[in-house]
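So the sequence lines, in the order shown, correspond to chains A and B. Residue 494 is where the first sequence starts when you use my numbering, and the numbers rise one by one after that. Residue 10 is where the second sequence starts when you use my numbering, and the numbers rise one by one after that.
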Amino acid sequence: MRRKVRAFRKKWRKVSSAIKTIFGMPDYDRYLEHWYRTHGAPGKFPMSEKEYYMFALKNRYESGTINRCC
Amino acid sequence: MNRKMMSILIWAAISALGAFGFGALALSKGESVSSFWLLTAALCTYAVGYRFYSRFISFKILGLNNKRATPAEINNDGKDFVPTNKWVLYGHHFAAIAGAGPLVGPTLAAQMGYLPGTIWIIVGVVLGGAVQDYIILFGSMRRNGKSLGQIAKEEIGPIGGTLALVGILAIMVILIAVLALVVVNALAESPWATFTIFMTLPIAIFMGLYMRFFRPGRVLEASIIGIVLLLASLVLGQAVAASPVYGPMFTFKGTELAIMIIIYGFIASVLPVWFLLAPRDYLSSFLKIGTIMLLAVGIIITLPDLQMPALTKFIDGTGPVFTGNLFPFLFITIACGAISGFHALVSSGTTPKMIIKEGDAPLIGYGAMLTESMVAIMAMIAACVLTPGLYFAVNSPASVIGTDVNAAAAAVSSMGFTITPEMLQQTANDVGEKSILSRTGGAPSFALGMAHIFSEFLGGKTFMAFWYHFAILFEAVFILTTIDAGTRVGRFMVQDLLGNIIPKMKRVDYLPGNLIGSAVITAGWGYFLYQGVVDPLGGIKTLWPMFGIANQMLAVIAFVVATTLIIKMGKARHAWVTIMPMVWLASATLTAAWQKIFSNNPAIGFWSHAQKFKDIVASGALPPGAKTLEDAQKMINNDIINTIVCAIFMIITIAILIDGIRLWISIARGKKYQLKEEPFIPTKRTEGDLLA
């Protein structure tokens, strides 16, 4: 049962990550994974979910790039 | 060997089926034809185009190389440069390029019958639109995700780059104005639709607060709550519209709605993004993809018959929806879905920074555009399942058909499309509206078609009103998102331009810069929107061709850039791939712009229209639609401004062509130019990744 739940969770995370990428939404799990892979060091901490959310929005909507069409 | 034979047989069969589909469409004599043949012709042509033409471009011209590291791999920063699975990225790219454009253009073009528009959508995308999107995506991918303007500047020269920038700003203004006009025409005098759209504001703000404070970053949760609330307000809207107290509160004239949208656009551009823009974007994204999928299912299940003839008499240019001959006006009326220059901006945006390997590019660049073309085909089907008389009653301006059902039925019947006043009134009652006459702009007509298709398999006639307003909601929500986002991007462009004089203005978080930039861009599109709303000829008739001209001008710029890339890559003998659509578009755009300015027919030419009005005023009378001398003067001024805008588009198109051709000739004469690609870096992905 527990294994099933874990497998389901894993699958859901994949699906939700895909949905978030398709619509250009912030994906905190992906950020954390990337952060620990590349920046992880003692004494350094990643952004909180809230900080990351605000950062990602700014990056998408305030950079002046055109990311949608008519 | 056996497999090869099999493949040849299968592709021959697909080609034959597609040709048969076209045959069935073209040869239908009088009787209605099933939309099955439209879908067949489209899908088979797309399949052949994708399998053969995109592969030809990939290997004979661009030289895709899976061993070359992509920007996503090299810069992988977890922010912009994120290696992404190709199917997810295909979805991302499609969600970015698909908007209201492919729904409006084909609807308007249906006045000439289903055949001309359909052929242009299918042939145009395979040989033009998908090629443009793909090659620009590729060019940007080889240049670390640079934008179209930057590529133009580096590969063609500073003139080309500046022209591209001016062109982009101009098209933003016209695009937002015309889309806002579509919303105004759909909401005017319709309390149900207006209430539902008003409700999106508190819903989006609630979502924004939710994602910022209650459950930070939980975007999917908030989106689901938002969509449930949205559907609830759609249901509630019916009761609100019927209520004698609240109904009139949400009933507005076009001019009032226009002013509200202008104020809204300004405020949305000034406010922080988490408050309104981002949550609205999420809401509209889900609604957009969900509805498109639902519509596809609906069409496939019901396979409705097309009521519109293959060709109508309006191919002679006298149609009530838009005026002008099949060439050039069909080819600028349908831009998105066949070729949309705007896509070149999106293809050189976020997508190229996320590609894992070069081999994924055709699916994303070429494939996503084919999918958008399919959306345009669905819009064509939705327009053509309506009785032609109904279609013309909805899409013709009031100056042609009058303002009550009796006059409209008589006017439309005299065009040769029989309809009775009772049928018009019945349709309005069925969808829960007071009137469906002269709801120009394509959205109401599309909504009627969608309601027609859905009511055949979900809920029957009782649900028709619900589906109609669902479709209006869906179009209006994502158009409003485009207005938000477009105004903001336009604001950054204005701030950037002003920053050349006062450096401080460039800063996004500088409040005076924010306010001035927002005001300038909102005033720009607001002017055209208001002019369109009060235009007695129906503003869509004026604005949509201008948008089409602007969009195809941008496509010409993109093809000049693409041709330059191909020639500089040493593949000049294959440059016909981009030169062919470029020449076609340039001639359509320039002819259209020329006729819009100089045509002697006041229904087409701005100049002769202004002259006609001046003559009327000089003779001591007022032109139709004007109540005061001031009104008449304003109309004449609008014509002059529209003339100037069309002239600017023409000049940009000609200048970029000259700039490009100058460069190509000098290359042909043996002068060497460096291709400004990033250097080759071999991929570090292992063989296993390569196969994945």
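Backbone N, C-alpha and C fix where the C-beta goes; we use that ideal spot for every residue, glycine too.
Can you list, in chain order, the residues of the segment 513-544 of chain B whose Cβ is nearer than 9 Å to any Cβ on chain A?
Of all residues in the segment 513-544 of chain B, VAL517 and ASP518 have a Cβ within less than 9 Å of some Cβ in chain A.
Chain A contacts made by the segment 276-301 of chain B, where a contact means CB separation under 9 Å:
If the cut-off is 9 Å between Cβ atoms, the segment 276-301 of chain B has PRO281, VAL282, TRP283, LEU286, ALA287, ASP290, TYR291, SER294, PHE295 and ILE298 near chain A.
As an exercise, report each continuous alpha helix (DSSP H) stretch of at least 4 residues that is fully enclosed by the segment 150-174 of chain B, in chain order.
Entirely contained in the segment 150-174 of chain B, the alpha helix (DSSP H) runs reaching 4 residues are, in chain order, 157-164.
Report back the beta-carbon spacing between VAL570 of chain B and ILE160 of chain B to the nearest angstrom; my notes put them in contact at under 8 Å.
Right, their Cβ atoms sit about 6 Å apart.
Where the segment 216-230 of chain B meets chain A: residues whose CB sits under 8 Å from a CB there:
Cβ contacts with chain A come from MET220, ARG221, PRO225, GLY226, VAL228 and LEU229.
Determine which residues share a DSSP beta bridge with ILE364 of chain B and list them.
Per DSSP, the beta bridge partners of ILE364 of chain B are B:THR93.
LYS513 of chain A, buried or exposed, once every other Cβ within 10 Å from all chains shown has been counted against 16:
Under this definition LYS513 of chain A is a buried residue.
With H, G and I counted as helix, E and B as strand and the rest as coil, what does DSSP make of PRO211 of chain B?
Here PRO211 of chain B sits in helix by DSSP.
How would you label ALA532 of chain B, buried or exposed, when you count the other beta carbons within 10 angstroms and need 16 or more for buried?
Classification of ALA532 of chain B: exposed, given that the 10 Å Cβ count is below 16.
Going by DSSP, what residues sit across from PRO691 of chain B in a beta bridge?
Looking at the DSSP assignment, PRO691 of chain B forms a beta bridge with B:ARG77.
What did DSSP end up calling SER43 of chain B once you bin it into helix, strand or coil?
DSSP places SER43 of chain B in the strand class (E or B) of the three-state scheme.
List the residues of chain B that LYS513 of chain A touches, going by C-beta distances under 9 Å, in chain order.
Ordered by position in chain B, the residues that pass the 9 Å Cβ test against LYS513 of chain A are VAL228 and LEU229.
Cutoff 7 Å: ILE106 of chain B Cβ touching any chain A Cβ:
True, the Cβ-Cβ gap to chain A drops below 7 Å.
Euclidean distance between Cα positions of THR327 of chain B and ASN334 of chain B:
So the two alpha carbons sit approximately 8 Å from each other.
For LYS543 of chain A, would you say it is in contact with chain B, using Cβ-to-Cβ distances shorter than 7 Å as the test?
With 7 Å as the cut-off, LYS543 of chain A counts as an interface residue toward chain B.
What does MET518 of chain A touch in chain B if you count any residue whose Cβ is under 7 Å from its own?
Result: VAL228 and TYR291.
Taking the DSSP output, what are the residues bridged to ALA315 of chain B?
One detail in the question is off: residue 315 of chain B reads as Leu in this sequence, not Ala. Residue pairing by DSSP places LEU315 of chain B opposite B:VAL42 in a beta bridge.
I'd like to know whether the C-beta atoms of LEU47 of chain B and ALA664 of chain B end up nearer to each other than 7 Å.
When the beta-carbon positions are compared, LEU47 of chain B and ALA664 of chain B stay at least 7 Å from each other.
On the criterion of 16 or more Cβ atoms from any shown chain inside 10 Å, does GLY108 of chain B qualify as buried, or is it exposed?
Under this definition GLY108 of chain B is a buried residue.
Using the Cα positions of ALA701 of chain B and VAL508 of chain A, report the straight-line distance between them to the nearest angstrom.
With a pLDDT of only 42 at ALA701 of chain B, under 50, the local geometry of the prediction cannot be trusted, and no value is derived from it.
Neighbouring residues, chain B, relative to GLY557 of chain A (Cβ below 8 Å):
Taking a Cβ-Cβ threshold of 8 Å, the residues of chain B close to GLY557 of chain A are VAL498, PHE501, MET502, ASP505 and VAL517, in chain order.
When the distance is taken between beta carbons, is VAL282 of chain B closer than 7 Å to TYR529 of chain A?
At the C-beta level, TYR529 of chain A and VAL282 of chain B stay beyond 7 Å of one another.
Is GLY122 of chain B near PRO115 of chain B, with beta carbons less than 7 Å apart?
Their beta carbons are not under 7 Å apart, which means GLY122 of chain B does not touch PRO115 of chain B by this criterion.
What is the rounded straight-line gap between the Cα of LEU218 of chain B and the Cα of SER556 of chain A?
Taking the straight line from one Cα to the other gives about 22 Å.
Assign CYS345 of chain B to one of three DSSP states: helix, strand, or coil.
CYS345 of chain B carries a coil assignment under DSSP once its states are collapsed to helix, strand and coil.
Helix, strand or coil, according to DSSP, for ASN560 of chain B in the structure here?
In the three-state scheme derived from DSSP, where H, G and I count as helix and E and B as strand, ASN560 of chain B is classed as helix.
Contact check, PRO337 of chain B vs THR600 of chain B, beta carbons under 7 Å
Against a cut-off of 7 Å, the Cβ pair of THR600 of chain B and PRO337 of chain B comes out as a contact.
Would ALA494 of chain B count as contacting chain A if we go by Cβ distances under 7 Å?
Interface residue (Cβ-Cβ distance to chain A less than 7 Å): ALA494 of chain B is classified as such.
Starting from the Cα of VAL355 of chain B, find the closest Cα among B:LYS155, B:ILE128, B:ALA25 and B:LYS13 and give me that residue.
Checking every option, the nearest Cα to that of VAL355 of chain B belongs to B:LYS155.
Spatially closest choice to LEU666 of chain B from B:SER44, B:TYR59, B:GLN435 and B:ILE165, by CA coordinates
The option with the nearest alpha carbon to LEU666 of chain B is B:ILE165.
May I have the straight-line CA-CA distance separating PHE103 of chain B from MET378 of chain B, to the nearest angstrom?
Across the structure, PHE103 of chain B and MET378 of chain B are spaced so that their CA atoms are roughly 7 Å apart.
Does the beta-carbon of THR412 of chain B have 16 or more other beta-carbons within 10 angstroms, so that it is buried, or is it exposed?
Taking all protein chains shown into account, THR412 of chain B has fewer than 16 neighbouring C-beta atoms within 10 Å of its C-beta and is therefore exposed.
Residue environment, ALA21 of chain B, which counts as buried when at least 16 other CB atoms sit within 10 Å
Looking at its Cβ environment, which holds fewer than 16 other Cβ atoms inside 10 Å, ALA21 of chain B is exposed.
Report yes or no: is there a C-beta of chain A within less than 7 Å of the C-beta of GLY87 of chain B?
Interface with chain A (7 Å Cβ-Cβ cutoff): GLY87 of chain B is included.
Using DSSP with H/G/I as helix, E/B as strand and the rest coil, what is TRP283 of chain B?
Here TRP283 of chain B sits in coil by DSSP.
Within the segment 557-619 of chain B, note down every full alpha helix (DSSP H) run reaching 4 residues or more, in order along the chain.
585-607, all fully within the segment 557-619 of chain B.
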